[in-house]
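Heads up, the sequence shown is in this note's numbering, so the first residue is 1 and it goes up one at a time. Backbone N, C-alpha and C define an ideal beta-carbon position, used for all residues, glycine too. See below for the structure under consideration.
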Amino acid sequence: MASINKINTKSGPRWRVRWRDDKGERSRSFDRQRLAKDFLISLEHKQREGTYVEPTTVTLKSYLETWIESYKDSIASNTERGYRVNIRHICSVIGDKSLQRLIPGDIEAAYRELGKKLSGTSVLYVHRTLSRALKQAEKQRLITRNPCDIVEVPRKNKNFQARFVAPEDIAKYVGAFKDHYLYPAVCLAAFCGLRRGEVLGLQWKDIDWKKGMITIKHGMTDDGLTTPKSGEARSVPLSEAVAEILKEQRKKQRQYKERFWDEYHRSDFVTTYHDGTLIKPRALSKAFADTLKKAGLGHIRFHDLRHTAASLMLHEGVDLKTISDILGHSSISITADIYSHVIEEQKKSAAKKLDKYINKF
Numbered sequence: 001m002a003s004i005n006k007i008n009t010k011s012g013p014r015w016r017v018r019w020r021d022d023k024g025e026r027s028r029s030f031d032r033q034r035l036a037k038d039f040l041i042s043l044e045h046k047q048r049e050g051t052y053v054e055p056t057t058v059t060l061k062s063y064l065e066t067w068i069e070s071y072k073d074s075i076a077s078n079t080e081r082g083y084r085v086n087i088r089h090i091c092s093v094i095g096d097k098s099l100q101r102l103i104p105g106d107i108e109a110a111y112r113e114l115g116k117k118l119s120g121t122s123v124l125y126v127h128r129t130l131s132r133a134l135k136q137a138e139k140q141r142l143i144t145r146n147p148c149d150i151v152e153v154p155r156k157n158k159n160f161q162a163r164f165v166a167p168e169d170i171a172k173y174v175g176a177f178k179d180h181y182l183y184p185a186v187c188l189a190a191f192c193g194l195r196r197g198e199v200l201g202l203q204w205k206d207i208d209w210k211k212g213m214i215t216i217k218h219g220m221t222d223d224g225l226t227t228p229k230s231g232e233a234r235s236v237p238l239s240e241a242v243a244e245i246l247k248e249q250r251k252k253q254r255q256y257k258e259r260f261w262d263e264y265h266r267s268d269f270v271t272t273y274h275d276g277t278l279i280k281p282r283a284l285s286k287a288f289a290d291t292l293k294k295a296g297l298g299h300i301r302f303h304d305l306r307h308t309a310a311s312l313m314l315h316e317g318v319d320l321k322t323i324s325d326i327l328g329h330s331s332i333s334i335t336a337d338i339y340s341h342v343i344e345e346q347k348k349s350a351a352k353k354l355d356k357y358i359n360k361f
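Here you go:
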């Protein structure tokens, strides 16, 4: 139980509230008896309800830095980098705020400020990171309630459209890499829909030549192999044309192995430099962009080849559920949302095809 004791000091009387919790004996002093009684009543109520939180002067920035250090081992390195970027953004506005005094209004004001320089989608990612971190603070009883639970959630940009290579330009873009070490990687992304990390993490043992299937078991980051983005392995069909490209790649690797011999970096990975060295994701993106520029082609990201694969499948009449499964999306609605503009064009094309029946009336 808590109690109040009067203490006479040189500057006058003070009232000390004493109580005990799971951390031991605690106390707090007030210069007015009424304030001490109010605190005592509130304290006893919170203790009965199980919502009492020990006061602390920890700032939001200090807490978030501690949180990401303790949380990083349970997430992929790319995810960690994204979280750290989001933490920097939110801390640039309200990092000095007391963790326990942070209110929904502070967070919403910060989102409005960040919205002046970031997209709506980026602010949403900041919100998700902050909410996840504060949820942990609530579990640890550092705060009584996660203020992110009652803020207005930022909205994604509605005008996002996935970029892709038009069917008539595919030959030019893929052809630019014909004799390049990235040629197999480009084909895996453009015709199988693999992500950058999945391309670099693909190993020969993941390919079933008889069944014509690729099993995506890993993703490659700058820090090494991780599980796929979805967290689960998935199967991707391997066409005869892409299979021939991969067989040629395996043949070339064997030739380079004989040429470099002791200096060859032996591994089971499909996409490597000529000497067998593994390719880092960011290095792949840079080499991809440099090759397109040298060929005089318009800039696209390597990830846009994955969008290209999806748009080509839609163009050829493949159903949305199959495309979603191939791409490894967690739901068909994600696929429909990303490629909504392609689907709309298909609808228009379908409507035009019916015009020929009008002449029969």
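Identity of the residues DSSP links to PRO13 by a beta bridge = ASN8, per the DSSP bridge assignment.
query = What is the rounded straight-line gap between the Cα of ALA166 and the Cα of THR308?
reply = Roughly 8 Å between the two C-alpha positions.
key: Close-in-space but distant-in-sequence residues of the same chain around VAL58 (CB under 6 Å, 5 per side omitted)   = The residues are LEU99.
inquiry  = Less than 7 Å between the beta carbons of ILE216 and GLU198, yes or no?
reply    = In this structure, GLU198 lies closer than 7 Å to ILE216 by Cβ.
query = Mapping DSSP to helix, strand and coil, what is THR79?
reply = In the structure shown, THR79 sits in a helix (DSSP, three-state: H, G or I).
query = Alpha carbon to alpha carbon, what distance is there between SER285 and ASP222?
reply = Spanning the two alpha carbons is a distance of roughly 12 Å.
request  = Measure the CB-CB distance between ARG16 and ASP31 and report whether it falls below 7 Å.
outcome  = Taking 7 Å as the cut-off, the Cβ atoms of ARG16 and ASP31 do not count as close.
ask   = For LEU130 versus ILE90, is the C-beta spacing smaller than 7 Å?
value = Between LEU130 and ILE90, the gap from beta carbon to beta carbon is short of 7 Å.
message = Comparing C-alpha positions only, which one of GLY193, TYR273, LYS280, HIS274 sits nearest to LEU225?
response = Checked all of GLY193, TYR273, LYS280, HIS274; the closest Cα to LEU225 is LYS280.
Whole-Å CB distance - ARG18 paired with SER3, under 8 Å assumed = Going by Cβ atoms, the distance from ARG18 to SER3 rounds to 5 Å, so yes, they are a contact pair.
Touching by the beta-carbon criterion (3+ pairs, under 8 Å), the stretch 283-303 and the stretch 144-151 = The answer is no - the stretch 144-151 does not touch the stretch 283-303, with fewer than three Cβ pairs under 8 Å.
key: Inter-residue CB distance, CYS187 and VAL242 (contact presumed, cutoff 8 Å)   = With a beta-carbon spacing of about 6 Å, CYS187 and VAL242 fall inside the 8 Å limit used to define contacts.
ask   = If we call anything under 7 Å between Cβ atoms a contact, is GLY328 one with ARG196?
value = No; because the gap between Cβ atoms is not below 7 Å, this pair is not in contact.
query = What's the call for THR51, buried or exposed, on a 16-neighbour Cβ count within 10 Å?
reply = Caution is warranted here: a pLDDT of 49 is assigned to THR51, below 50, making its placement in the model unreliable, and no coordinate value can be reported.
query = If you draw a straight line from the C-alpha of GLN253 to the C-alpha of ASP290, how long is it?
reply = Cα to Cα, the separation comes out at about 23 Å.
ask   = Grouping DSSP H, G and I as helix and E and B as strand, with all else coil, what is ARG20?
value = Strand at ARG20.
message = Out of LEU60, TYR111, ALA109, THR121, which one is the CA nearest neighbour of LEU142?
response = Closest by alpha carbon: LEU60.
ask   = Taking the alpha-carbon positions, what's the GLY175 to LEU182 distance?
value = Cα-Cα distance, rounded: 11 Å.
Proximal residues to GLU108 (C-beta, below 8 Å), its chain only, five neighbours per side dropped = The residues are VAL151, GLU152.
ask   = What runs of the alpha helix (DSSP H), each 4 residues or longer, lie entirely inside the stretch 186-241?
value = Annotation note: the stretch 186-241 contains the following uninterrupted alpha helix (DSSP H) runs of length 4 or greater, listed N- to C-terminal: 196-201.
request  = Buried or exposed for SER324, please, with buried defined as at least 16 other CB atoms from any protein chain shown within 10 angstroms of its CB.
outcome  = Buried.
message = Measuring alpha carbon to alpha carbon, tell me which residue in LEU40, SER92, ASP206, GLY105 is nearest ARG20.
response = Nearest of LEU40, SER92, ASP206, GLY105 to ARG20, Cα basis: LEU40.
query = Roughly how many angstroms separate the alpha carbons of HIS380 and LYS135, rounded to a whole number?
reply = Residue 380 is absent from the structure shown; the chain starts at 1 and stops at 361.
Through-space distance from PHE302 to LYS283, alpha-carbon basis = This sequence places Ala at residue 283; Lys is not what is there. Cα-Cα distance, rounded: 11 Å.
ask   = Can you round the beta-carbon distance between VAL236 and ILE170 to whole angstroms, since I take them to be within the 8 Å contact cut?
value = In this structure VAL236 is not in contact with ILE170, their Cβ atoms being roughly 19 Å apart against a cut-off of 8 Å.
task = Tell me THR57's beta-bridge partners as DSSP assigns them.
result = None; THR57 has no bridge partner.
task = Find out if the Cβ-Cβ distance for the pair LYS156, THR121 is shorter than 7 Å.
result = Yes, Cβ-Cβ distance for LYS156 and THR121 is below 7 Å.
ask   = Skipping 5 residues on each side, what residues in its chain have a beta carbon closer than 6 Å to that of ALA133?
value = Within the same chain, ALA133 has close Cβ partners LEU64, TRP67.
For LEU305, the three-state DSSP class (helix, strand or coil) = Reduced to three states, the DSSP call for LEU305 is helix.
inquiry  = Quick check for students: name the residue ranges of the alpha helix (DSSP H) that lie wholly in the stretch 65-146, counting only runs of 4 or more.
reply    = Counting only runs of 4 or more, we get 77-94, 104-114, 120-139.
query = Since MET220 contacts GLY201 with CB under 8 Å, what's their CB separation in whole angstroms?
reply = Their Cβ separation, rounded to whole angstroms, is 4 Å, which keeps MET220 and GLY201 in contact under 8 Å.
key: Contacting residues, own chain, Cβ-Cβ under 6 Å from ARG28 (five flanking each side not counted)   = Counting only Cβ-Cβ distances below 6 Å, and skipping sequence neighbours, we find VAL17.
task = State the CB to CB distance for the pair THR271 and PRO184, rounded to an integer number of angstroms; the pair is presumed to be in contact (CB under 8 Å).
result = Contact annotation, THR271 with PRO184: C-beta distance approximately 6 Å; criterion of less than 8 Å satisfied.
key: Inter-residue spacing [alpha-carbon to alpha-carbon] between SER349 and VAL342   = Approximately 11 Å between the Cα atoms of the pair.
query = In its own chain, which residues sit with a C-beta less than 7 Å from the C-beta of ILE87, not counting the 5 before and 5 after it?
reply = Correct list, in chain order: LEU64, ILE68, THR129.
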